[in-house]
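Structure first, commentary second.
Residue numbers (my numbering): 1014 to 1343.
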């Protein structure tokens, strides 16, 4: 996934296509040119490993209530001013405390913790591409399922090589305009949308997160653009998680997202045809519950990340009308 010219290595993982001189790293701070060879300095060196509920990813239509081993390392190829995990994603990977976890040891650790799934999360996992790929292969060989939690900023070729080993993904679409991506994230929107479509075409279960930030990406026009794109290109049943912003990193001057804004966004998403719209990081009526897209029956009840009732039938249907409920339920 790289090209070398006169000692300078060009990284081929993401659209930034960093040209990296010897001894330096790309924008992600992870992929470094060591003697003309591109290496990920965080390979097999996660700095966070936890057992989470599946709902925390968030994934609401994929094995609800399951425990998932979640690991992340340092570095990111985006530089979001509102980053919620800036200590990990924006710091120097070599200065952040980490520990050894080779891919071959991952399945045993997951099973010891009672997890049948592994998530690559917390930072942007795709900058540590080779490690995530090798972990996915080892996990799948051991009968585990793999989940990506990603901003989706990756070239199509490396993504295509990874997706056969991935079962589900939550893709964070940060705002529906190129200007927002350029000014807030130092990236671009188009590759993220392409990633979503490529994942769906590869039959990966996909859910979408959008962090709604006051004054930056919460206008009706920007929200409607996202909702209409999802309905038209990802399908009306793709789950959408509208998440509440809290001040963080370089955006401590902005207030938390008003609940009224989140409710307005949910109403507009439903009006655009989206069937499964959730409100995260906030206590709102029915914000975490799943309803049948046909008859409207409540089929999964949640209290934040805890599933308190799951009425989806063993074959993935609504218990009231029998209509299939979009998702992977077992």
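Every residue, glycine too, gets a C-beta built ideally from N, C-alpha and C.
Reference residue i, options the options, closest by Cα
| i | options | result |
| --- | --- | --- |
| residue 1165 | 1181, 1324 and 1106 | 1181 |
| residue 1136 | 1042, 1299, 1233 and 1245 | 1042 |
| residue 1227 | 1301, 1266 and 1199 | 1266 |
| residue 1251 | 1260, 1239 and 1029 | 1239 |
| residue 1066 | 1192, 1283 and 1129 | 1129 |
| residue 1085 | 1140, 1315, 1308 and 1341 | 1140 |
| residue 1178 | 1029, 1196 and 1131 | 1131 |
| residue 1171 | 1024, 1340, 1326 and 1334 | 1024 |
| residue 1029 | 1089, 1055, 1052 and 1062 | 1089 |
| residue 1219 | 1027, 1054, 1072 and 1103 | 1072 |
| residue 1203 | 1213, 1319, 1150 and 1187 | 1187 |
| residue 1127 | 1244, 1208, 1268 and 1063 | 1063 |
| residue 1212 | 1198, 1183 and 1269 | 1183 |
| residue 1053 | 1059, 1061 and 1044 | 1044 |
| residue 1289 | 1262, 1296, 1055 and 1255 | 1255 |
| residue 1233 | 1253, 1260 and 1284 | 1284 |
| residue 1246 | 1215, 1078 and 1209 | 1209 |
| residue 1098 | 1087, 1107 and 1108 | 1087 |
Residue(s) in a DSSP beta bridge with residue i
| i | result |
| --- | --- |
| residue 1062 | 1084 |
| residue 1163 | 1184 |
| residue 1130 | 1081 and 1158 |
| residue 1045 | 1038 and 1052 |
| residue 1314 | 1322 |
| residue 1224 | 1256 |
| residue 1033 | 1022 |
| residue 1303 | 1313 |
| residue 1330 | 1337 |
| residue 1219 | 1182 |
| residue 1073 | Bridge partners of residue 1073: none, in fact. |
Neighbourhood of residue i by C-beta distance below 8 Å, restricted to the same chain and skipping five residues each side
| i | result |
| --- | --- |
| residue 1242 | 1189 and 1206 |
| residue 1057 | 1113, 1114, 1115, 1116 and 1144 |
| residue 1336 | 1305, 1306, 1307, 1308 and 1330 |
Coil, strand or helix - residue i by DSSP
| i | result |
| --- | --- |
| residue 1343 | coil |
| residue 1335 | coil |
| residue 993 | Nothing about residue 993 can be reported from this structure: the residues present for the chain run from 1014 to 1343 only. |
| residue 1274 | helix |
| residue 1197 | helix |
| residue 1214 | helix |
| residue 1254 | strand |
| residue 1280 | helix |
| residue 1143 | helix |
| residue 1240 | helix |
| residue 1345 | An answer regarding residue 1345 cannot be provided, because it is not within the stretch 1014 to 1343 covered by the chain. |
| residue 1209 | helix |
| residue 1231 | coil |
| residue 1286 | coil |
| residue 1137 | coil |
| residue 1247 | coil |
| residue 1057 | coil |
| residue 1091 | coil |
| residue 1109 | coil |
| residue 1102 | helix |
| residue 1269 | coil |
| residue 1068 | helix |
| residue 1148 | helix |
| residue 1116 | helix |
| residue 967 | Outside the displayed range of the chain (1014 to 1343) lies residue 967, so it cannot be described from this structure. |
| residue 1296 | coil |
Sequence-distant residues of the same chain with beta carbon closer than 7 Å to residue i, five excluded per side
| i | result |
| --- | --- |
| residue 1264 | 1094 and 1095 |
| residue 1155 | 1120 |
| residue 1300 | 1291 and 1292 |
| residue 1157 | 1120, 1123, 1129, 1130 and 1131 |
| residue 1168 | 1025, 1026, 1027 and 1028 |
| residue 1151 | 1116, 1117, 1119 and 1120 |
6 Å Cβ shell around residue i - same chain, five flanking residues per side excluded
| i | result |
| --- | --- |
| residue 1231 | 1225 and 1274 |
| residue 1236 | 1278 and 1281 |
| residue 1185 | 1164 and 1222 |
| residue 1134 | 1083, 1085 and 1162 |
| residue 1286 | 1244 and 1249 |
| residue 1039 | 1024, 1031 and 1033 |
| residue 1199 | 1092 |
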